[in-house]
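Chains as they are written, first to last, in the working numbering: chain A, 1 to 115; chain B, 1001 to 1114. Below is one structure; the comments refer to it alone.
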């Protein structure tokens, strides 16, 4: 496997379900990100982990819960979602150097539909 | 707050024509700027990364310029092909509290007709 891989690629869930999105990066980077992409809106940063420590939580509702067990893996745990949470969820990684984000590499995304 | 604008929102050109995509930002104190391509329903593919100290970057048919003083970057795609049809996004990065932030534009949807 190379680059950034996300599973599952598609997910349909009811409002009372609990599910998780998984992301794995094979690039040796020290930072990982979750972005949300809704129709007709710019990408929205949700969470950032630097060296497995969360450094950004961009006012995301608590029904989204991130987990970063090590520098290669990132999860997004989902529970009691709303239909407006339906979107493409993108994971990315980069090498932080000198305070900047470095070049971002994205996975293919997980398309989430909440019924 | 950094605001990133991409105009036009959509563009259609005949094959062989050069593409010019624009990205403007409000705060010139940037760390870097990155151009991405996104195919429908897919993730983003990094095309070019320009550091704040650079004026341009080139990769094959792609050339990106950066003018921090005017808050602009331009992506040129020479001799467009139908395979270049996609949405192109720019993202402006800046330093904050020991790491960095990226602000994305809404993208320009490009269609290259055979």
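Ideal Cβ placement from N, Cα and C applies to all residues, glycine included. Treat the numbers as computed from the prediction; the structure is a model and nothing was measured.
Practice problem: Just the C-alpha distance for residue 1100/B and residue 24/A, rounded to the nearest angstrom, thanks. | Solution: Residue 1100/B and residue 24/A have their C-alpha atoms some 21 Å from each other.
Practice problem: Determine contact between the stretch 84-94 of chain A and the stretch 35-43 of chain A, defined as no fewer than three beta-carbon pairs at a distance below 8 Å. | Solution: Touching, yes.
Quiz item: Helix, strand or coil: which one does DSSP assign to residue 1107/B?
Solution: Of the three classes helix, strand and coil, the one that applies to residue 1107/B here is coil, per DSSP.
Quiz prompt | Endpoints, the beta strand (DSSP E) within which residue 36/A is located | solution = Residue 36/A -> beta strand (DSSP E) spans 31-37.
Practice problem: Starting from residue 114/A, follow the beta strand (DSSP E) in both directions and report where the run begins and ends. | Solution: Unbroken beta strand (DSSP E) run through residue 114/A: 110-114.
Quiz prompt | Bounding residues of the beta strand (DSSP E) (the contiguous stretch that carries residue 89/A) | solution = For residue 89/A, the uninterrupted beta strand (DSSP E) run begins and ends at 87-94, by DSSP.
Self-check item: Distance between residue 62/A and residue 77/A (C-alpha atoms, nearest Å)
Solution: Their Cα atoms are separated by approximately 10 Å.
Quiz item: So with Cβ pairs under 8 Å, would you call residue 69/A a contact of chain B?
Solution: At a cut-off of 8 Å between C-beta atoms, residue 69/A does not count as an interface residue with respect to chain B.
Quiz item: For residue 1010/B, which residues does DSSP report across the bridge?
Solution: Paired residue(s): 1109/B.
Practice problem: Go through its chain and collect everything with a Cβ distance to residue 1075/B's Cβ below 6 Å, but skip five positions before and after it. | Solution: Only residues of its own chain outside the window of five on either side were considered, and among them 1021, 1035, 1064 have a CB closer than 6 Å to the CB of residue 1075/B, listed in chain order.
Exercise. List the residues of chain B whose Cβ lies closer than 7 Å to the Cβ of residue 105/A, in chain order.
Key: By Cβ distance, chain B contributes 1046.
Quiz item: residue 94/A: which of 114/A, 28/A, 56/A, 35/A sits nearest, CA to CA?
Solution: Looking from the CA of residue 94/A, the closest CA among 114/A, 28/A, 56/A, 35/A belongs to 28/A.
Practice problem: Could you tell me whether any Cβ in chain A is nearer than 8 Å to the Cβ of residue 1064/B? | Solution: At a cut-off of 8 Å, the C-beta of residue 1064/B has no neighbouring C-beta in chain A.
Exercise. For chain B, find out if any of its Cβ atoms is closer than 8 Å to the Cβ of residue 16/A; answer yes or no.
Key: No, because no Cβ of chain B sits closer than 8 Å to the Cβ of residue 16/A.
Practice problem: Can you give me, in chain order, the residues of the stretch 1052-1077 of chain B that have a beta carbon less than 7 Å from any beta carbon in chain A? | Solution: Residues passing the 7 Å Cβ filter: none.
Exercise. State yes or no: is the beta carbon of residue 52/A nearer than 8 Å to at least one beta carbon in chain B?
Key: By this cut-off, residue 52/A is not an interface position.
Self-check item: Below-8 Å beta-carbon distance, residue 8/A vs any chain B residue
Solution: It does not; no Cβ of chain B falls within 8 Å.
Quiz item: Which chain A residues sit within Cβ distance under 8 Å of residue 1102/B?
Solution: Against residue 1102/B, the close residues of chain A are 45, 101, 104, in the order they occur along the chain (beta-carbon pairs closer than 8 Å).
Quiz item: Mind pulling the chain B residues with CB within less than 8 Å of residue 109/A?
Solution: Those are 1041, 1042, 1043, listed as they occur along chain B.
Exercise. Within its chain, find whatever has a CB closer than 8 Å to the CB of residue 54/A; leave out the 5 residues flanking it on each side and keep chain order.
Key: Around residue 54/A: 47, 48, 66, 68.
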